[in-house]
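Scroll down for the structure; my scribbles are underneath it.
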Amino acid sequence: MRLIHWRYGWLGTLLLALLLPLSAPSAVPAAAQERDLGARCFPETGQCIAGAVRVYWEDNGGLAVFGYPITPLQIGTVEGWTGPVQWFERDRLEDHAAQGVLAGRLGVRLLELQNRPWQTSFEGVNPLQVPTACRYFAETGHSLCPPFRDYWEANGGLARFGFPITEPLVETIGNWTGLVQYFERRRMELHNELPGLPVLLGLLGDEVLNFQALPPTPPNPGLPQPGVTPECVRQFFSTSNERDALFLRAYEQLPFRAVLGCPRSYVRDVNAAFQNFERGEMAWLNLSTRGAEVPFTMANRFIFSVFPGPTFQRYNDTWVAGIDPMRPNVRPPRRDLYAPWGGFGKLWINDSTIRDRLGWATESEGRENLADVVIFDNIYNDLNNLGVMFYDQRTGKVYAFGRLDQTTEVLVVR
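Final position of the sequence shown in the working numbering is 517; the numbers increase by one with none missing.
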């Protein structure tokens, strides 16, 4: 039986992570002294390691890097390869015989299981805008900045972690919320609540294994099923119209479309504004400009913030011209960064969480434009949680937002 212990192992695990430098993987020299390849067992989880997996575990960081074993060595199939596999709290080790023991690509796998494939769910960065303290990876289009860069370079780099596949983002994992960054093989977490602000490695072995072990949720025959476009949506959008066809194509990419229900309102040429930030963007809509029906309990003018993850929040726009300042009285740290204006600026300066998650604006002002907006009726008849899609006429992007209490129900389709 596996014993329940603190999320990052016992205190010894934490001390190892903080005090012991991790060496990069290295082959065992042929002339090395004979090793004990027998079983080494851990009462904490009731599992053992032996042979080549034990050698790799012990030589490449042990408990601090991999955590405790949580399964026995067993035959598994991974990305078309079948062979001996053993799961650990933070990793999956695969014995490829002549190739040696290799670590799994659990960062990629977890995001896939969460329906957040990194290739389409996380926007990359402009290499010309990457700060000098950071490193840009053309292979994935993402950057690596301190303190995660420092940890990556000191503890095995590409061989240990793989390429970064997201930018840093704020996530809630269990009872902890903080800044994380995903890599092909790992997730790094910055623990500001601990002495020394350590970077620790996420328990991806636990998370992926538990995710894969979950039984599939049986479909509710009374609800629209994922992967199926309801007839009401097909009838609403005329595929002979280029704009409607674009909306329909974007809708069919939404992993949360089953809860949106049917379109109830379609408003064209709505006043809108958009602004990019270091780690996300804001979008503003003014539905009162076209007399649109706004069925949810909010103002006609509202703002969406799209954070890393991606996740989102929706806010009423309370900025009043002539009363509220046009721009917050703050100085950006660099000449290529800006404080947002107007409603974006009021929301940004008054909410430290938004500032921390989005960072500074990367454009001097918001881009005023027109948008076409579709409002859905929500299958749960919850007027506070209606889905919204809108099309930015200048950039061609389609933004889609689901229920307010499900902040991961967001997708930007380009």
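For each residue, glycine too, the CB sits at the ideal point set by N, CA and C.
Look at the beta carbons and you see the stretch 406-415 touching the stretch 374-385: at least three pairs across the two are nearer than 8 Å. Setting aside the 5 residues that flank it on each side, residue 206 is surrounded in the same chain by 194, 195, 196, 197, 263, 288, each with a C-beta closer than 8 Å to its C-beta; the list follows chain order. In this structure, the beta-carbon distance from residue 363 to residue 479 falls below 8 Å. Judged by DSSP in its simplified three-state form, residue 453 adopts helix. Counting C-beta pairs closer than 8 Å gives fewer than three between the stretch 275-291 and the stretch 331-338, which falls short of the contact rule. Of the residues 428, 174, 507, the one whose Cα lies closest to the Cα of residue 490 is 507. By the beta-carbon neighbour count (other beta carbons within 10 angstroms, threshold 16), residue 439 is exposed. In this model, residue 308 and residue 389 are separated by some 46 Å (Cα to Cα). Residue pairing for residue 366: DSSP places it in a beta bridge opposite 479. In the structure shown, residue 255 adopts helical secondary structure according to DSSP, grouped into three states. Distance from the CA atom of residue 436 to the CA atom of residue 465, rounded to whole angstroms, is 12 Å. A contact between stretches requires three or more CB pairs, one per stretch, nearer than 8 Å, and the stretch 180-191 fails this requirement with the stretch 341-349.
The Cβ atoms of residue 449 and residue 475 do not sit closer than 8 Å to each other.
When secondary structure is reduced to three states using DSSP, residue 189 falls in the strand class.
For the pair residue 516 and residue 500, the CB atoms are nearer than the 8 Å cut-off. Residue nearest to residue 370 within the set 391, 353, 240, 260 is 391 (criterion: CA-CA distance). Just so you know, the alpha carbons of residue 502 and residue 167 end up roughly 41 Å apart. In this structure, the CA atom of residue 304 is about 15 Å from the CA atom of residue 261. Between the stretch 216-223 and the stretch 176-186, the count of Cβ pairs shorter than 8 Å is below three; the stretches do not touch.
Shown here, residue 509 sits in coil according to DSSP, grouped into three states, outside any helix or strand. Relative to residue 404, the option among 414, 415, 419 whose CA is nearest is 419. Annotation: residue 361 to residue 425 spans about 43 Å, alpha carbon to alpha carbon. For the set 154, 185, 144, the Cα lying nearest the Cα of residue 170 is the one of 144. Going by beta carbons, residue 265 and residue 212 fall outside the 8 Å limit.
Residue pairing of residue 502 in beta bridges, as defined by DSSP: 493, 515. Under DSSP, residue 383 forms a beta bridge with 380. Rounded to the nearest whole angstrom, the C-alpha separation of residue 495 and residue 346 is 11 Å. Here the alpha carbon of residue 227 sits roughly 44 Å from the alpha carbon of residue 142. With a threshold of 16 other beta carbon atoms within 10 Å, residue 232 falls short and is exposed. Per DSSP, the beta-bridge partners of residue 280 are 275.
Around the beta carbon of residue 258, 16 or more other beta carbons lie within 10 angstroms, which makes this residue buried.
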